[in-house]
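Engineer:
Residue numbers (this note's numbering): 23 to 277.
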């Protein structure tokens, strides 16, 4: 199953239930005038539904590119299957990420391009900008910004848990914005190192990144696309990051 986000941007994938609620594992697709771009490849746990949804969305048009935010299994779990199904696909990774991706058995290295943060690629007439991921759990993680839809693909960051009835709901289809508490629950689990960070510096970096370019949509892997009230959602994430250090440091402390 796939859902239309905005313009030529779609999301697909599935979610996993857990004690905190459901956690999405999303893949984003830009139709891109006949040269489709995939942002990540999803988890191998969802391979049948992912591949079926991708085939239905593409309608026979082969994907031209796969752009990877990083190389954890929830992001690259179907890369081999995509490469086998569409052997001409080009894979774009960060220069640090490349050694962690075992794709030579299914793709020649001539089809793999490593880019550095700050790189701007012209893909089918649109520009995709590669940025250092400000929140990451793996070296070489990158965020990707699409100048056409003004979407920022944030990998693990800006994720949140959702209720069973919200699996396909975008932020504007919910009764209220994603709260600080919901962002906090996810981020303190996804980024345990936040107990050692200086949240003021991290939040200042986020503010600069969002100020430097128009962002209309935030596309997290572990949440549905945030396509309204971007400033409010940024504020709630920043508030969550400010609280995460104290929340994580208190875990395991005597009552």
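Glycine included, every Cβ here is placed at the ideal spot set by N, Cα and C.
These numbers come from a predicted model, not from an experiment.
Which residues does DSSP pair with residue 116 in a beta bridge?
Structural biologist: Position 94 of the chain shown, counted from the start, is the residue given in the question as residue 116. Bridge partners of residue 116: 137.
Engineer: Per DSSP, which residues does residue 34 bridge with? Please list them.
Structural biologist: Looking up residue 34 in the chain shown gives position 12. Residue 34 is bridged to 24, 49.
Engineer: Taking the beta strand (DSSP E) that residue 107 falls in, what are its first and last residues?
Structural biologist: In the chain shown, counting from the first residue as 1, residue 107 sits at position 85. Run containing residue 107: none in the beta strand (DSSP E); it sits in the alpha helix (DSSP H), 101 to 107.
Engineer: Can you say whether residue 195 is buried or exposed, counting buried as having 16 or more other CB atoms within 10 angstroms of its CB?
Structural biologist: Reading the chain shown from its first residue, position 173 is the one you call residue 195. Exposed, since its Cβ has fewer than 16 Cβ neighbours within 10 Å.
Engineer: Quick check: what's the CA-CA separation for residue 129 versus residue 198?
Structural biologist: Against the chain shown, residue 129 aligns to sequence position 107. Against the chain shown, residue 198 aligns to sequence position 176. Each residue's alpha carbon lies about 44 Å from the other.
Engineer: In chain order, what residues of the same chain have a beta carbon less than 6 Å from the beta carbon of residue 250, not counting five sequence neighbours either side?
Structural biologist: Numbered from its first residue, the chain shown carries residue 250 at position 228. Around residue 250: 193, 194.
Engineer: Using a 10 Å radius around the Cβ and a threshold of 16 neighbouring Cβ atoms, would you call residue 41 buried or exposed?
Structural biologist: As a position in the chain shown, residue 41 is number 19, starting the count at 1. Exposed.
Engineer: Of the choices 120, 221, 149, 110, whose alpha-carbon is the least far from that of residue 157?
Structural biologist: Stepping through the chain shown from its first residue, residue 157 is reached at position 135. That would be 221, whose Cα lies nearest to the Cα of residue 157.
Engineer: Quick one: is residue 51 buried, meaning 16 or more other Cβ sit within 10 Å of its Cβ, or exposed?
Structural biologist: For the purposes of this step, residue 51 is taken as residue 29 along the chain shown, with counting starting at 1. With 16 or more other Cβ atoms within 10 Å, it is buried.
Engineer: Put residue 43 into one of helix, strand or coil per three-state DSSP.
Structural biologist: Taking the chain shown and counting its residues from 1, one reaches residue 43 at position 21. If DSSP states are grouped into helix, strand and coil, residue 43 belongs with the strands.
Engineer: Can you give me the C-alpha to C-alpha distance between residue 255 and residue 146, rounded to a whole angstrom?
Structural biologist: The residue given as residue 255 occupies position 233 in the chain shown. The residue given as residue 146 occupies position 124 in the chain shown. Whole-angstrom Cα-Cα distance: 30 Å.
Engineer: Going by the CB atoms, is the gap between residue 87 and residue 59 shorter than 8 Å?
Structural biologist: In the chain shown, the residue the question calls residue 59 occupies position 37. In the chain shown, the residue the question calls residue 87 occupies position 65. Yes. Within cutoff.
Engineer: Against chain D, with Cβ distances strictly below 8 Å, would residue 78 count as a contact?
Structural biologist: Of the protein chains in this structure there is only one, and it is not chain D.
Engineer: Residues in its own chain within less than 6 Å of residue 149 by CB, not counting five upstream and five downstream?
Structural biologist: The sequence position of residue 149 within the chain shown is 127, counting from 1. Answer for residue 149: 142, 169, listed in chain order.
Engineer: With DSSP collapsed to three states, give me the class of residue 166.
Structural biologist: Sequence index remark: in the chain shown, residue 166 carries index 144 (1-based). Here residue 166 sits in strand by DSSP.
Engineer: Could I get the ranges of all uninterrupted alpha helix (DSSP H) runs contained in the region 171 to 259, with 4 residues as the minimum, in chain order?
Structural biologist: Taking only runs of at least 4 residues, the alpha helix (DSSP H) segments lying wholly in the region 171 to 259 are 202 to 212, 221 to 233.
Engineer: I'd like to confirm the pairing. Which residues does DSSP put opposite residue 149 in its beta bridges?
Structural biologist: Residue 149 sits at position 127 when you count from the first residue of the chain shown. The partner list for residue 149 (beta bridge, DSSP) reads 144.
Engineer: Tell me, to the nearest whole angstrom, how far the beta carbon of residue 281 is from that of residue 183; I am working on the premise that it is less than 8 Å.
Structural biologist: Nothing about residue 281 can be reported from this structure: the residues present for the chain run from 23 to 277 only.
Engineer: Specify the secondary structure class of residue 275 as computed by DSSP and reduced to three states.
Structural biologist: Here residue 275 is taken as the residue at index 253 of the chain shown, counted from 1. Residue confidence for residue 275 is low, a pLDDT of 48 falling below 50, so the modelled location carries little weight; the figure read from the coordinates is stated next. Three-state DSSP puts residue 275 in coil, outside helix and strand.
Engineer: Return the residue from the list 75, 253, 219 that minimises the CA-CA distance to residue 264.
Structural biologist: Position 242 of the chain shown, counting from 1, holds the residue named residue 264. Comparing Cα-Cα distances from residue 264 to each of 75, 253, 219, the minimum goes to 219.
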